[in-house]
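Peer 1:
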């Protein structure tokens, strides 16, 4: 079994969109997929046979002020990013695609969207194709702590899956994958600094102490997972694809040429998948 993991975040997810568009163009398929945040949306586009639309999503839809506006903080849920508007508008282009997937309709054996249970901090893998509606899982996985209130699915509050499992490749191996492609949101040399995590943890501790505790240890977990992933890559079990530069979201919004550059970089880097799978 071959697995694909995409942990792309916000507009920088256009790199992962480039990777998956290459896979679609070259007839590369996967047996298992795990995605969180923008990475989950990239994988849905891939499954829908609309990978080329992902670039337009990042270049056009994601940069619109309708979705990310300080006025949203005045609403009842006090969330900066309107994930309902973001996904329901953008994914309306897939109106002919059956989002209520059945196991028989899923073009791979396993597909999981990762979110973090806001009250326990634990990873929750929404298994698509087993009666789980796609859009609520996508919205839960994209819900960033502090910026957004938790997204409710069946009465349970969720945050972005990065909170609980930043690089969920162990899930793919547990499902039986022999090889895994891991798409990162940041350059491979990046290591997470704990100072920002300490601040986020303090801000969340009163309402969501368990999730806050997870965030407090997030830098340690991410950095360890990167080192473990490098060992897996050295042993031929993993291919890590990552952008070689990182631009903050506010920079990408001002200079959309960088969005295009990230997309093309992902597309070019994905050529390594074919030799990895031989």
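Numbering (our numbering), first residue to last: 1 to 278.
Idealized CB from N, CA, C, for every residue including glycine.
1) If you reduce the DSSP assignment to three classes, tell me which class residue 173 lands in.
2) What is the residue span of the alpha helix (DSSP H) that residue 123 lies within?
3) Whose CA, out of 124, 207, 168, 134, lies closest to the CA of residue 145?
4) Please work out which residues of its chain come closer than 6 Å, Cβ to Cβ, to residue 40, disregarding the five sequence neighbours upstream and downstream, and give them in chain order.
5) Using a Cβ-Cβ cut-off of 7 Å (strictly less than) and excluding sequence neighbours within five positions of residue 42, which residues of its own chain qualify?
6) Per DSSP, residue 148 forms a beta bridge with which residues?
7) Can you look up residue 161 in the DSSP assignment and give me helix, strand or coil?
8) State buried or exposed for residue 257, treating a residue as buried only when at least 16 other CB atoms are found within 10 Å of its CB.
9) Given that a residue counts as buried once 16 or more other Cβ atoms are within 10 Å of its Cβ, and exposed if not, what is residue 26?
10) Should residue 162 and residue 216 be called a contact, given that it needs their Cβ atoms to be closer than 9 Å?
11) Can you tell which of 263, 49, 136 has its C-alpha closest to the C-alpha of residue 294?
12) If you reduce the DSSP assignment to three classes, tell me which class residue 138 lands in.
13) Looking only at its chain, what residues have a beta carbon closer than 8 Å to the beta carbon of residue 127, apart from the 5 residues adjacent to it on each side?
14) With DSSP run on the structure shown, which of helix, strand or coil describes residue 70?
15) Once you ignore the five residues that flank residue 57 on each side, which residues in its own chain have a CB closer than 8 Å to its CB?
16) Can the beta-carbon of residue 238 be found closer than 9 Å to that of residue 179?
17) State the Cα-Cα distance for the pair residue 232 and residue 3, rounded to the nearest angstrom.
18) Since residue 261 is in the alpha helix (DSSP H), which residue starts that stretch and which ends it?
Peer 2: For this structure:
1) Locating residue 173 in the chain shown gives position 173, counting from the first residue. In the displayed model, residue 173 falls within a helix according to three-state DSSP.
2) As a working note, residue 123 is residue 123 in the chain shown. Looking at the DSSP string, residue 123 is not in any alpha helix (DSSP H); the run it does join, the beta strand (DSSP E), is 123-127.
3) The count along the chain shown starts at 1 and reaches residue 145 at position 145. Comparing Cα-Cα distances from residue 145 to each of 124, 207, 168, 134, the minimum goes to 207.
4) Taking the first residue of the chain shown as 1, we reach residue 40 at position 40. Closer than 6 Å at the Cβ level, and outside the excluded window around residue 40, lie 113, 138, 141.
5) Along the chain shown, read from residue 1 onward, the residue named residue 42 stands at position 42. Counting only Cβ-Cβ distances below 7 Å, and skipping sequence neighbours, we find 6, 8, 13, 16, 17, 20, 35, 54.
6) Along the chain shown, read from residue 1 onward, the residue named residue 148 stands at position 148. Paired residue(s): 145.
7) As a position in the chain shown, residue 161 is number 161, starting the count at 1. Per DSSP, reduced to three states, the secondary structure at residue 161 is helical.
8) Translated into positions along the chain shown, residue 257 becomes position 257. With fewer than 16 Cβ atoms within 10 Å of its Cβ, residue 257 is classed as exposed.
9) In the chain shown, residue 26 corresponds to position 26, counting from 1. So residue 26 counts as exposed.
10) Within the chain shown, numbered from 1, the residue matching residue 162 stands at position 162. Within the chain shown, numbered from 1, the residue matching residue 216 stands at position 216. For residue 162 and residue 216, no; Cβs fall outside 9 Å.
11) One cannot answer for residue 294 here, as it falls past the ends of the chain, which runs 1 to 278.
12) For this step, residue 138 is matched to residue 138 along the chain shown. Helix, per DSSP.
13) For the purposes of this step, residue 127 is taken as the residue at position 127 of the chain shown. In the same chain as residue 127, and ignoring 5 residues on each side of it, the C-beta atoms closer than 8 Å to its own belong to 110, 111, 112, in chain order.
14) In the chain shown, counting from the first residue as 1, residue 70 sits at position 70. Confidence at residue 70 is low in this model, with a pLDDT of 41, below 50, so its placement is unreliable and no value can be given for it.
15) Residue numbering aside, residue 57 sits at position 57 when the chain shown is read from its first letter. Listed in chain order, the non-local C-beta contacts of residue 57 below 8 Å within the same chain comprise 17, 41, 45, 90, local neighbours out to five positions each way being set aside.
16) Within the chain shown, numbered from 1, the residue matching residue 238 stands at position 238. Within the chain shown, numbered from 1, the residue matching residue 179 stands at position 179. Contact flag set, yes.
17) Numbered from its first residue, the chain shown carries residue 232 at position 232. Numbered from its first residue, the chain shown carries residue 3 at position 3. Rounded to whole angstroms, the separation of the alpha carbons of residue 3 and residue 232 is 13 Å.
18) Position 261 of the chain shown, counted from the first residue, corresponds to residue 261. Counting along the chain, the unbroken alpha helix (DSSP H) around residue 261 starts and ends at 256-269.
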